[in-house]
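Q:
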Amino acid sequence: ETGVTQTPRHLVMGMTNKKSLKCEQHLGHNAMYWYKQSAKKPLELMFVYNFKEQTENNSVPSRFSPECPNSSHLFLHLHTLQPEDSALYLCASSQEDGDYEQYFGPGTRLTVT
Amino acid sequence: AQTVTQSQPEMSVQEAETVTLSCTYDTSESDYYLFWYKQPPSRQMILVIRQEAYKQQNATENRFSVNFQKAAKSFSLKISDSQLGDAAMYFCAYRSLQGGSEKLVFGKGTKLTVNP
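In order, the protein sequences belong to chains A and B. Each residue of the first sequence is one higher than the one before, counting from 290 in this note's numbering. Each residue of the second sequence is one higher than the one before, counting from 199 in this note's numbering.
(1) Take L310 of chain A as the anchor and find which of A:G396, A:S327, A:P372 has the nearest alpha-carbon.
(2) Where are the beta strand (DSSP E) runs, 3 residues long or more, that stay fully inside the region 231 to 280 of chain B, in chain order?
(3) Can you give me the C-alpha to C-alpha distance between S274 of chain B and T305 of chain A, rounded to a whole angstrom?
(4) State buried or exposed for K329 of chain A, treating a residue as buried only when at least 16 other CB atoms are found within 10 Å of its CB.
(5) Specify the secondary structure class of D229 of chain B as computed by DSSP and reduced to three states.
(6) What is the DSSP secondary structure of L282 of chain B, reduced to helix, strand or coil?
(7) List, in order along the chain, the chain B residues whose C-beta lies closer than 7 Å to that of T291 of chain A?
(8) DSSP three-state label for P372 of chain A, please.
(9) Helix, strand or coil for H315 of chain A? Go by DSSP, reduced to three states.
(10) Roughly how far, in whole angstroms, is the beta-carbon of S280 of chain B from the beta-carbon of T216 of chain B, given that I think they are within contact range, below 8 Å?
(11) State the beta-bridge partners of S297 of chain A as determined by DSSP.
(12) Pull the bridge partners of V202 of chain B from the DSSP assignment, please.
(13) List the residues that DSSP assigns as beta-bridge partners of K325 of chain A.
(14) In chain order, what residues of the same chain lie with their CB nearer than 8 Å to the CB of L282 of chain B, ignoring the 5 residues before and after it?
(15) Any beta-carbon of chain B closer than 7 Å to the one on Y338 of chain A?
(16) Have a look at the DSSP bridge pairing and note the partners of V349 of chain A.
(17) Out of A:L377, A:F340, A:L334, which one is the CA nearest neighbour of V349 of chain A?
(18) Report yes or no: do three or more beta-carbon pairs, one from the region 250 to 257 of chain B and one from the region 217 to 230 of chain B, lie closer than 8 Å?
(19) Look up Q212 of chain B in the DSSP assignment and say whether it is helix, strand or coil.
(20) With a threshold of 16 other CB atoms inside 10 Å of the CB of K325 of chain A, please say whether the residue is buried or exposed.
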């Protein structure tokens, strides 16, 4: 266990559904991240939050909507997704005035039907 | 923009032998961090080893060591005395130290198989 938890671990949703992914870190870190991991592609950074403020949006489609209510929690709200959005979604956290190591959660395996 | 290249999609090694995973990167910066992460099947990604670019000495962590060649922009990972538990995807990552740039840039990964 890395101190970063994600729920749900698996999610199947239709293209018209609305769902949310949740991430929680118990490490006292000040930065949190969403990544998309697809087969045979590098991890793609989606969003970065530093002290609850979004500092990076890596040209992510608006059907993905992040929310960071506090430094320990991060959500990814999903609506009207496409089949190509099926992937493993990883959350990570780090201490940005420390050693920059990112601690990853186990991921949510998302399938869009 | 920085890029990270892992030229070996898959590697295999016999248990107890040594294997080296390759990583090259492209950057115009002089100070940065480099990381190797390990992602076992269906398990969380964890940090294996970290190297600060300003340090000339290669980082080591038990059976894991790196060969950091700054001029060549090369950052290979050596795993000695390979164990079955080392089987995983290994990702090389670059971290800029420029202000306001918190992101890691990852390579595509190398899948390591350890044969008994």
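In this text, a Cβ means the ideal position worked out from N, Cα and C, and glycines have one as well. Here the structure is a predicted model, which means the values were calculated and not measured.
A: Taking the geometry as given:
(1) A:G396
(2) 244 to 250, 262 to 267, 272 to 277
(3) For S274 of chain B and T305 of chain A, the distance between alpha carbons rounds to 45 Å.
(4) exposed
(5) In the structure shown, D229 of chain B sits in coil (DSSP, three-state: anything other than H, G, I, E or B).
(6) helix
(7) Q242, I244
(8) helix
(9) coil
(10) Right, their Cβ atoms sit about 7 Å apart.
(11) Looking at the sequence shown, residue 297 of chain A is not Ser but Pro. DSSP, once it has assigned bridges, lists no residue as partnering P297 of chain A.
(12) B:Y223
(13) A:E333, A:Y378
(14) Apart from the 5 residues on each side of it in sequence, L282 of chain B sits with its Cβ closer than 8 Å to the Cβ of E213, V312, P314 in its chain, given in chain order.
(15) no
(16) According to DSSP, V349 of chain A bridges with nothing at all.
(17) A:L334
(18) yes
(19) strand
(20) buried
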